[in-house]
Amino acid sequence: MKCLECSGDKFEEKKCRFTPEVKGEEVEIIVPAMVCVKCHTPFMNDTQMNQMRKAAADAYRKTYDLLTSEEIVHFRNLFGMSQAAFSNYLKIGEASIKRWETYFVQDASQDELIRLKCDEAYAEYSALNVHWKSHSPDIYSGKRCFSWELFKQAVKYLIGVTKSPLFLNKALFYADFKHYQLYGKSITGTRYAHLEYGPCPEQYTNLFNFMLQENMLIQTEGHTLNTIEPANLTIFSASEKEVLESIANLAKSDGGKKLLKMSHQEDAYKNSESMALISYEFAKNLKI
Ligand SMILES: [Zn+2]
């Protein structure tokens, strides 16, 4: 295999962020690809291509609150049904079930039918989710949409070294701003506000409370937090993971005390108004 861009012949499998189109809309996904060592152009083999199609269909489904392929399989398995039995149960052709379980996106009415028949206790999406989704990417979100999933996993990962929201908030700030400084996009799309204790994710108490309610976090002694399961780092790209790890390393020795102190010295903090959102423009002057 030769690179079509530079005819280089060395490739490394890496997780890359792509934005393919599904039903005329761009979606954002992270999937493995073969990356040319010389010019960094990503290429895909057939397996990777299939992975990408499935991931793209699922990303689209998530955006529109449609069941993912895995959730459909999960429902079917819940009832212990074969694809044929499941199609009988839903009164839908078996071919459709097969395709939905891979990369053919079901339409909204079909989705509703599956839900009604399978999961009457389907949890309503929280008002929180709606709030975050209503913001388009801008300089206050680090030029990307807020991702609840990435935020949760970043929290789960960084709380391991920071223990309390006070330090966690600074670690999140540094991770997002550092990634913006290096790559022009934040990791989680979180908006940070200038609060008394330093830069903090906007509405962080709501976000953490929601994670507590959902048992993604537990409150331990005092104001400290902990996770039940370890963070899922596979949803981060190579560069995102690298930045998260570097911030965790900085916080490891003292639980983030230095980060907290430093965050108050940052232009992002000193030059933004109290209670106001902090622009990612300041990322270029970061002290770490
Ligand atoms: Zn190349």
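Residue numbering for the sequence shown follows the working numbering, starting at -9 and increasing by one per position. Yeah, the Cβ is synthetic: ideal placement off N, Cα and C, and Gly gets one too. These figures come from a predicted structure and were not determined experimentally.
7 Å Cβ cutoff, residue 65 in contact with chain B: As a matter of chain content, chain B is missing from the structure shown, which is built from one protein chain.
When a residue counts only if its C-beta is closer than 6 Å to some heavy atom of ligand 1, which residues count, in chain order? Working through the chain, the matches are -7, -5, -4, -2, 26, 28, 29, 31.
Ordered along the chain, which non-local residues of its own chain (more than five positions away) have a Cβ less than 7 Å from that of residue 174? 133
Which residue or residues does DSSP assign as beta-bridge partners of residue 32? Beta-bridge pairing links residue 32 to 25.
Are there 16 or more other CB atoms within 10 angstroms of the CB of residue 286, so buried, or fewer, so exposed? This structure gives no information on residue 286, because the portion of the chain shown stretches from -9 to 278.
Please state the DSSP three-state secondary structure of residue 216. strand
Among the residues of its own chain, which have a CB less than 6 Å from the CB of residue 273, if the five just before and after it don't count? 167, 170, 171
Take residue 257 and list the residues in its own chain whose beta-carbon comes closer than 7 Å to its own, dropping the five residues that flank it on each side. These residues qualify, in order along the chain: 272, 275.
Measuring alpha carbon to alpha carbon, tell me which residue in -1, 16, 21 is nearest residue 226. 21
Tell me, to the nearest whole angstrom, how far the beta carbon of residue 241 is from that of residue 157; I am working on the premise that it is less than 8 Å. 7 Å
Taking 8 Å as the threshold, find out whether the stretch -7 to 4 comes into contact with the stretch 18 to 36 through three or more Cβ pairs. yes
Which class does residue 120 belong to by DSSP, given the choice of helix, strand or coil? Because the pLDDT at residue 120 is just 47, under 50, the model does not fix this residue reliably, and the value given afterwards should be weighed accordingly. Looking at residue 120 - three-state DSSP - the assignment turns out to be helix.
Does the separation of the CB atoms of residue 73 and residue 87 fall below 7 Å? yes
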